[in-house]
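For the sequence shown, the numbering used here assigns the number 1 to the initial residue and increments by one for each residue that follows.
Positions of the beta carbon are idealized from the N, C-alpha and C atoms, including for glycine.
Since the structure is predicted, the reported quantities are computational estimates derived from the model, not experimental observations.
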Amino acid sequence: MKSTRIYLSIALIIIVFSCNRKENDLYKPYTFSTNSLDSLVRIKEVILDQTLREDGTLRERKYYLGDTVKYLVTYNKQEKILNLSKFQGPEEVWTENYYPNGQRLSHYEKKMDATTGMSHFHGFYEAYYETGWVKERGMYKMDNPDWIVNYTESGLSGDTMVYITK
Numbered sequence: 001m002k003s004t005r006i007y008l009s010i011a012l013i014i015i016v017f018s019c020n021r022k023e024n025d026l027y028k029p030y031t032f033s034t035n036s037l038d039s040l041v042r043i044k045e046v047i048l049d050q051t052l053r054e055d056g057t058l059r060e061r062k063y064y065l066g067d068t069v070k071y072l073v074t075y076n077k078q079e080k081i082l083n084l085s086k087f088q089g090p091e092e093v094w095t096e097n098y099y100p101n102g103q104r105l106s107h108y109e110k111k112m113d114a115t116t117g118m119s120h121f122h123g124f125y126e127a128y129y130e131t132g133w134v135k136e137r138g139m140y141k142m143d144n145p146d147w148i149v150n151y152t153e154s155g156l157s158g159d160t161m162v163y164i165t166k
């Protein structure tokens, strides 16, 4: 009798931890702050190149970390982050889009086509609700969706949509 209770207790603990991990896996509130990059600019470890609009508002900032890594941050007219891209050498590695409240809207992995030099959506993809919950997950291959799973804001997943491209 005691061993049955122990096994049931262990099973209950595993179920509870599994549910919590799943919830944490789907809740990813994230905003990007340039504070760490700006502090490296102040101590001259990073080079900053910024562009302003005609009205004097910030349009974009390029942060150069050595010879190979670059972050490109574009801003909307209210000077909130609109888009963030990371480059390694000439290749764009990933890009993120943001809601006006600063919450991440989407994250795309990218790959450069060596023959054209153009970057394409290629790899893992996630989209988010404005509250930080995962909205979609999927995979892209050379700008075309390969598969996508939709989620409700409460964390329920829909069917996996598989795309066939020619």
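If we count the other Cβ atoms within 10 Å of its Cβ and call it buried at 16 or more, is Glu45 buried or exposed?
Within the sequence shown, the letter at position 45 stands for residue 45. That one is exposed.
Could you tell me the boundaries of the beta strand (DSSP E) in which Val149 lies?
Reading the sequence shown from its first residue, position 149 is the one you call residue 149. Secondary structure note for Val149: its beta strand (DSSP E) is the uninterrupted segment Asn144 to Tyr151.
Asp159 - DSSP class collapsed to helix/strand/coil
The sequence position of residue 159 within the sequence shown is 159, counting from 1. It is a strand residue.
Local conformation of Ser106 per DSSP, three classes
Position 106 of the sequence shown, counted from the first residue, corresponds to residue 106. Judged by DSSP in its simplified three-state form, Ser106 adopts strand.
Three-way DSSP call (helix, strand, coil) for Asn101 in this model:
Working through the sequence shown from its first residue, we reach residue 101 at position 101. In the structure shown, Asn101 falls within a coil segment according to DSSP collapsed to helix, strand and coil.
Does the stretch 119 to 126 come into contact with the stretch 142 to 152, if we say contact requires no fewer than three beta-carbon pairs (one atom in each stretch) closer than 8 Å?
As far as the Cβ criterion goes, the stretch 119 to 126 touches the stretch 142 to 152, which means the pair count is three or higher.
Can you have a look at Val162 and say buried or exposed, based on whether 16 or more other CB atoms are within 10 angstroms of its CB?
Looking up residue 162 in the sequence shown gives position 162. With a 10 Å radius around the Cβ and a threshold of 16 neighbouring Cβ atoms, Val162 comes out exposed.
Which residues does DSSP list as the beta-bridge partners of Asp49?
Here residue 49 is taken as the residue at index 49 of the sequence shown, counted from 1. DSSP lists Lys62 as partners of Asp49.
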